[in-house]
Each structure stands twice: as structure tokens, then as C-alpha cells.
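As C-alpha cells, the structure follows; a few thoughts come after it.
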Amino acid sequence: MDNQELRHHYHLFPRQIGEIALQNNVEELHLSFTQGNWRQGSWGYPPVSSQGVGAEVFAWISGATQEESLDKWKGLTNALSGVFCASLNFIGDDNTSMPQLAFNTSTRGKRSSSSSSSVPGRHGVLRHGFLPRENVCTENLTPWVKQLPCQAKSGLGVLLNPHRLYNMDFHSMGISLAPAVSAADDGQTGLVYKQHVTVVLNPRTFGLDRNWTLGELMDRDVDAACPVATSSTVRVVMPESETRVLPTPMRKETLGGQDTYVYDIQKQNASEIRFEFADSTNKKEAQQRLPLVEAHRHVNGHGGGISGGIETLIINRSNQPVDVTYSDTLPWYLRVYLHTLAIEAVNPDGDIFKQHPTQMIFTPAIDRGRPSTIELAVTLPANTRTTLRYDFDKGFIKYTEHPPDANRGFNIGPAIISYRPDTDSPGIDQPLFCALQSSHPNAYFECKVRVYTELFLASLPTPDFSMPYNVITFTCTVLALFFGRIFNLLTRDFAVLKGSD
Amino acid sequence: MSPGKKETAAAERTASPTHSEAQHEGGRLAWVVGLGCVMRLGILVLFPDIVAHYLSDRVELSTPVTSYKRLREGVYLSAHQIPPFEGGGIFHQSPLLLLMFSALHRFPEIFTTLAYVAADGFVAVTLARIAALRRTARNTSGGLSIPGEIVFSCTPSVVAMLYLFNPLTLGTVLVKSTIVFSHVAVAAALYAAAAGRSSTAAVWTAIATHLSVYPAMLLAPIALVSTAADGGFGHLDRRAGLAKRIATTVAVFAASFGAMHMLFVACYGTQYFTATFDFVLRVADLQPNVGLFWYFFTEIFDEFRMFFFVVFQLTALAFAVPVSWRFRSEPLFAATMLVGIISALKSYPSWGDLSLFLGLLPLFEELFKYMQYMFLSANLLLYGIGLAPVFWHLWIEQGSGNANFFYAATLVYVFGQITLLFDLGSAMLRRELDIHHPETRTRPVIQD
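First to last, the sequence lines map onto chains A and B.
Its first residue numbered 1, the first sequence is counted upward by one per residue in the numbering used here.
Its first residue numbered 1, the second sequence is counted upward by one per residue in the numbering used here.
Written as C-alpha cells, this is what we have:
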């Protein structure tokens, strides 16, 4: 994005983010902080697609040379670390990867119908950094809220009560900065800034049962909408079971096969939206609502304790084959043996099919320099459980490289499985977040779902931390014995002992 | 010390073996080597699961520069157009092995097994032939024996048997550690040197240096061997032109090393040099092994890392020329000492290195009566070898011990090797004294 072309709307657009983006040649930026496990089997598609526990940053950064874009990346992570009070400055060479398959990397076509307007090509390089050990708390929420035009003073921002937001089963919040074509079809390009927060709350935690209002849930009262907002709406996705939502919405829409009620907050009071759940809570989710692909990852230990294996189970629920890309980044001290890669699909009848990836991109690790990245494009047969496994060896790291609590081990970030739901097929609906996006044009948007697996802990064998000096002296003693004896051998001569005859 | 008291009075064996004895000997050697190879093949083919479960992950037998699993990874990466030496992460073995195994892996698995068994068999046969050469030389030339001495010459088949049926050798070939191929090159170099063909020996040494860096030290004794046509076994040729002969040998070594380097650069780029030679000298991977380096460089502070690399590697490498010069009357013995020094002090040793050293020892069985510390070194080695797997299990698998246990076992192991080396060296010196001054055989001597 050219400086001159960008129109600065700094009365709404947060100036901090805008200046960071301009200074670091950011073409597109996504940042999220996540805590908790997204139950893929029960909760459906997540509203915004990022469920990797920890802090995730990925950005397309343009630069004349590789070194320049790397410098800008480091500048970006450090600046974001300051803005959001998070340790994003720890994203360095050894946990930055450059995935090619998992994210939308190609230049997409124009969103507008006019053939004369064109979307500027995305020339930047994608860099992805993940901090699995990053915790999310109020310290990160406060600067996040500060970026909103009305902050927590009016409008929907009032509902962000940290006491309720962090008493949760799942929480994800973040920002995204994406290039877009103006909806007015005049071909103007710009950056669209979005902030998202996803939280899964259990009303019973707060003493509420089946009948509660939004204001009671968040313990906040929304007086008025944000005065500078063009529109301020609440959209309620109606669940399957009999539920009453009061008052009557402004309009009803169907998105992605689901009924939604839309409330205009400029006219209605958000905290008065009341939910009344029926007695018989039907827990069975419609099969359509579940995501097509579910993924879980765990570690196998086998062999002498320093070798292990990563096993990812990917479940394809649909009746058609799905093309997924699997992307995994492992730090350099877990040495990957790619020749042990094995992919097997099992269908409900118990037949086992050996699969081969249609595409494989492997970036080997550089010791203390770069993590290893494995990206595979695999076709999952219909209605199967596919297991993808490969071996690794745990490396031995220096005394000073172990973290303070050495026996805990290192958190290893999630694997990302991404796919495009084939919404042209009958019975497969668009995920809600895709349906919502199509009403707000993003130049490069295509409906790509990313599934994040769980983290795991890699516990590396530790040396004894209490005796570096002892080790040094023992080893040097043995070496000195060797040197002394051989030196003696080489320089001394025998002589007969006199008087011994 | 007076070995004369240990001898019993008996006649000395004088004549070299007769033709029928030699045939007999050849037959025995064939039996021994055949049995050894069959045993290895049998275990590898019939019990691969047991081998894989108990032995393949042993760090005492496979190191980051000799591991078969890493070799397969390197072959796989190069077959998929991913540069195997980039980043120096996982593959650190010679491109020579990469080329060899890329070709071998096109065939069924059994061919790889046969290659390893054949390599081991070759080493055994070569050691036997060196022993035969030495026995012939000792019985014909005067420089190696003392009048009035009982000579129990170690028969070649016994040398081969002691190498093949050594559990350390067996373990090394069962895990398919690639040190076996380095032993092939070293053994071939020593045989060529023993036969007086120093140029051939220099070429083999260059191959061995490419396979595992340290055999470059063997160039020093090889440069000193005789090329005399009278079959002087490995003796220092005291004819004029010694400097010229040394220069020739070094030039042949440099030329063959350089030629192979050019070939590898053409195939894989100069990255291979960083990933193999620089890696070994820098000790970049701190995976535990039976040597001294890994724990030291795990615990050392970063500021001193470079200094101690230099110190450790110098201690290993600097003794090449002094040892060769001191034992210049028998360069083969100097080479054996250097093989022992390599085994004790290389940066990624394994039990396989010790097995070559122990395989060369029986060639010098006339020194055994001069050695004073055999019981000590044997015990140290046995304790070190026996306790290392136990302490590894306690540290890694059970978690009730810590790294110091295993480290202590490796200290004992290395100290045992050092004791053996020192003992061997001083035994040789004493024997040289006895050869040159036979009257001192029965009188105590001291070193001054």
C-alpha cells in the first residue's frame, strides 16, 4: 500500500496501528491472542478462524530485499509487543516460519464487478510467528479496547467486562488489517481494520440459568451506541432448540444456512436482549453445523526416550473428499525425520488406505536459526479418520538455553490444517464467518477454514545444572592425564638402574 | 621390570610358516570370516525387531555423524530435491556415503545389509593380512625380535576372530553405524602401508578423512613407511630422500582429498564442508556419546566455547607427528597408537572406534608381557562399557538418575582407553630398549 494512496481516517482508525503498519511496510496483518480449547466436536466453526492457544502473528510484509523485510518483521513484532503489552518481541528467527500453503498466499481476483478497477498485487512475503506459552489477560484487553473509537465508554465496547470475559471456556481476541477494495465500487483501495473477540461463556458460572439478558450476562449496561459509528448491530444466531429471543429484532436474515436476528443498537438497547431457553435443552447439534474437518494432535513416545513421534488425527465428516493442507512448525531442537512420514486413512468399515501427499514443502531447521516447517497437501477421502505421523528426535541444548523451569519443557505450537469448504455441494453450508465476510469486502478473502490442533509439551533431557565447574574440572583432569602421560612417553628415555646387578 | 623372569625356558620358533601351514591358515581364516559374516547376516535378517528395539537407539553405538537413521533422512531429502546439507540440522555424514547409499537404496533392503556385513568382513580380512605380513617380517628381519625370546605370533585367523566376535564390533554393525566404512578405509590404508605402498595408503587415508575427519592423523606414520622393495615391513626407510618421500605421500593425500572435495562441491555445493568437517570440529550437536566433549560443551559458558574447542581438538590432533616420530622404527605401531588416540579423543566417539583399536592390538602381542596395567585398563573399560547403558536408562527413560551418572561412566571409559594407550606406548619403548640393548632384558630400568 502506498503512503500517498492511503487515506488517513485517524478519527476512527487507531493511529498507533496505522503508523506501525505504514512504518513496517505491512500489506496485511493478523494478530490474535487465544486461551482455552475450542471444542471442535461440539461448538462448530469458530466465529473468527484462529484457535491456536497463545499469541499468533502473521503478516505480509513487502521489502526490497529479504533482509529488509526481515527487519520490518522484527520491527512490527516489537511494536505490537509494546502496544498490546504482550511478549511478542520473543518472536524471532527461531520461531518465525514462512508457510506457503496454509494461508491465502496468492493474489486473489477483484471483488468488485467493474473490470476496470484492479486490486494491487500482494508482493509481500508472509511471515508467521507463534508463541504457545503466551498468556492472555486484562493487560492485553486494555490496550485492545483502547484501539476502539469509543473504547469502553459507549457502544458495544461497554460489554467487554474483563471479569466476565476471562471467566470463560474459550477466549480469543485480536486485530486484523487487510487490504480491501472500497464497497463504493470506485476502485479505491485501502486497509480495513477489524478487531475481534471470541469468548465462550457458561451462564451457570455467573448464577444465571435459562433466562437472562445480555446485560446480566456481561454485568454491564449499554446506554447508547457509539456516536461516531455508522452502524452498530447485534446479530443473534438462533440455536436449533426452541429458544425465544426478545425483543423482536429489526430484521431477520439467513446466513450460511442459519437463521439470525439482527438488532440495531442505535435504536434498541443491547443489554436488554433477553434469551429464554426451553426446558428440554437439545444438545444434539445438526450434523451440518459441525465443521467438515476436525483435527487433533498428540505426541508418541517410543524408543529410548529421546525419540518421539507426532501423530495428527484428521477427521473428515463430509461425504466427499476434502483437500486439506497440513502445516506444522517445530523448533530446531526437535529434529524431524521426514522419511518416517506416514499417512493412513481409515474409513468406518475399517479399511486402511495409505495416502501420499499431493504436495510437500519442507523447510529444514537451522540449529538456533530457524524452525523446521512441514507443509503437506493431502486429500482426505470421504468419511474417514486420517492419521498423519512422523518421527522426531529430541535435541540436547546448551546449559544456558534451558528455560528457568527446565523440567517443564517447551510448549510446541499447534499444527494448522486448512481447507476450503465446498459450499457448492448440497448439504454443506458456508461457515458463518465466511458468510459475514462477504458483506464486508476484503480483496483477498476466500473462505478458508483453519483448524488448529492442541499444543504439546516437549520435555528435553536436562543436564545437571548444579555442577558446571565440576564437569569442567573432571573433563580437563582426564585430558591432562592423557596429555601428561603421552608427553612423558614421547620425551623420556630409559636408563638402566645402576647398582642393580 | 624384567620380562626375562616371566619367560619359561623353551626353544624359539624360527622358521616362517611352511606352505601347508599357510594353506591351513588361509582355510581357518575363511572359516572364521565366514562364520562372522553369517552370524551378522543372520541376526540382521532374522531379528530386526529386537535389534531395532534394543540397539538402534543406543547413543553409545550411533552418533550424529554415524547414525543410520540420519543417513536415510539425508538420502530421502536429496531424493526429494531438498538440499540435505542446508542448515546443518540433521545430516552430517560424508557425501561419499550419500552417493553410495542413494545408489544402494534403489535395491531391496538386503543389499544394504550385505554391504555392511561385507565391510566388516573386509576389515577382518585386512587385519588378518596385516598380521600375516607382520609375522613374516618378524620372523625374517632382525629388527623386530630379540634373541632368546619365545614368540607366540598371533595367527591371522585369531586376529580376525578377535575383531569379528568382539561384541562392540557386532553391536556397531547391527545398528548399521557408518563408522564401519571409515574402518574399511583405515584398514585398507594400514595394509597398504604395511605392504610398503605408501601412495595407495595415502589415497585410502584421504577417503577415510572424508568419511570421519580424524584419520587425517594417520598420514603421519604412513608418510614414514618404507617403500623399499626388500619387503621391509613398515620400517622406517633410512635411505636418503626421506623428506622427498614424505612430501610425495603428503602430495598424494592432498591431491586425492582435493579431488574428492571438488567432486562433492560439484554435487552438493560447499555447504557440505560446513555440515561435515566444521560440524565435527565445532561439536555443534550436543547429543550424548561415550566421549568427553558433549557434557563439557553443554556446561561450558559461551565466552570460553571457542577457546576450549581449540584446546580439545589440538589435544587430539597435535600428537600425530610426535607419536609417529617417536615410534618411527615401526610406523604401524604409531598408527595403532593414533587409532587409539582417535578413539579416545574424537568429538563423536562410539564403541565402534574402540573396536578397531582392540582389533589392532593383537598384532602386537609380543608387547603384552611388557604391559603393567592390563588388569586396570581392562576393568576400567568393562565398567565404562557395562555401566553406560544402565546409567543412560536411569537418566533418560526412568528419570531417577541424572546426566552425571552417564557422564561418569564415559569418564571411566575414556580413562581406561588412555591407560591402555599409555601402557602400550611404554611397553613398546621398553621393548625397543631390549631390542637395541639385549643385555638389559633382565635388569630394571627407569625413565629419566
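Note that the Cβ used here is the ideal one computed from N, Cα and C, for glycine as well.
Around the CB of residue 423/B, 16 or more other CB atoms lie within 10 Å, so the residue is classed as buried. Its chain contains 250 as the residues whose beta carbon lies nearer than 8 Å to that of residue 267/A, once the 5 sequence neighbours on both sides are disregarded; these appear in chain order. For the set 96/A, 42/A and 70/A, the Cα lying nearest the Cα of residue 372/A is the one of 96/A. For the pair residue 87/A and residue 349/B, the Cα-to-Cα distance works out to about 42 Å. Residue 99/A counts as buried, since no fewer than 16 other beta carbons sit within 10 angstroms of its beta carbon.
By the neighbour-count criterion, in which 16 or more other beta carbons inside 10 Å mark a residue as buried, residue 376/A falls on the buried side.
Judged by DSSP secondary structure, residue 213/A falls within the beta strand (DSSP E) whose first and last residues are 211–213. Beta bridge pairing from DSSP links residue 235/A with 262/A.
For residue 295/A, the enclosing beta strand (DSSP E) starts and ends at 293–301. For residue 328/A, the pairing in a beta bridge is given by DSSP as 374/A. For residue 24/A, the CB contacts under 6 Å within the same chain, skipping 5 residues up- and downstream, are 72, 75 and 76 in chain order. Cβ proximity to chain B below 9 Å picks out 391, 393, 395, 396, 397, 398, 399 and 400 from the stretch 383–403 of chain A. Taking the Cα positions, residue 35/B is about 15 Å away from residue 25/B. In terms of Cα proximity to residue 335/A, the closest of 285/B, 46/B, 83/B and 202/B is 285/B.
The alpha carbon of residue 484/A has as its nearest neighbour, out of 319/B, 368/B, 437/B and 78/B, the alpha carbon of 319/B.
Here the alpha carbons of residue 34/A and residue 208/A stand approximately 25 Å from one another.
When the Cα atoms are used, residue 429/B and residue 367/B turn out to be separated by approximately 10 Å.
For residue 345/A, the enclosing beta strand (DSSP E) begins and ends at 334–346.
With the criterion set as a beta carbon lying under 9 Å from some beta carbon of chain A, the stretch 353–368 of chain B has no members that meet it. A Cβ-Cβ distance of about 13 Å is found for the pair residue 238/A and residue 263/A, leaving them out of contact under the 8 Å criterion. Taking C-beta atoms as the reference points, residue 429/A and residue 215/A fail to come closer than 9 Å.
For the pair residue 343/A and residue 388/A, the CB atoms are nearer than the 9 Å cut-off. Contact annotation: residue 195/B and residue 334/B have beta-carbon atoms that are not nearer than 9 Å.
Residue pairing by DSSP leaves residue 104/A without any beta bridge partner. Per DSSP, the continuous beta strand (DSSP E) segment holding residue 35/A begins and ends at 26–36.
Not a single C-beta of chain B is nearer than 9 Å to the C-beta of residue 93/A. Cα atoms of residue 447/A and residue 275/A: separation of roughly 30 Å, rounded to the nearest angstrom. DSSP places residue 477/A in the uninterrupted alpha helix (DSSP H) bounded by 468–491. Straight-line measurement puts the Cα of residue 367/A at about 36 Å from the Cα of residue 358/B. In the DSSP assignment, residue 73/A falls within the alpha helix (DSSP H) that extends over 66–84. Residue 315/A counts as buried, since at least 16 other C-beta atoms from the protein chains shown sit within 10 angstroms of its C-beta. The C-alpha of residue 277/A lies about 9 Å from the C-alpha of residue 212/A. A check of alpha carbon separations from residue 422/A across 482/A, 324/A, 370/A and 60/A identifies 324/A as the nearest. Segment contact: the stretch 121–137 of chain B against the stretch 153–171 of chain B, three or more CB-CB distances shorter than 8 Å; contact assigned.
Considering only beta carbons, the part of the stretch 334–351 of chain A lying closer than 8 Å to chain B consists of 335, 336, 337, 338 and 339, in chain order.
Under the Cβ criterion of 9 Å, residue 343/B is not counted among the residues facing chain A.
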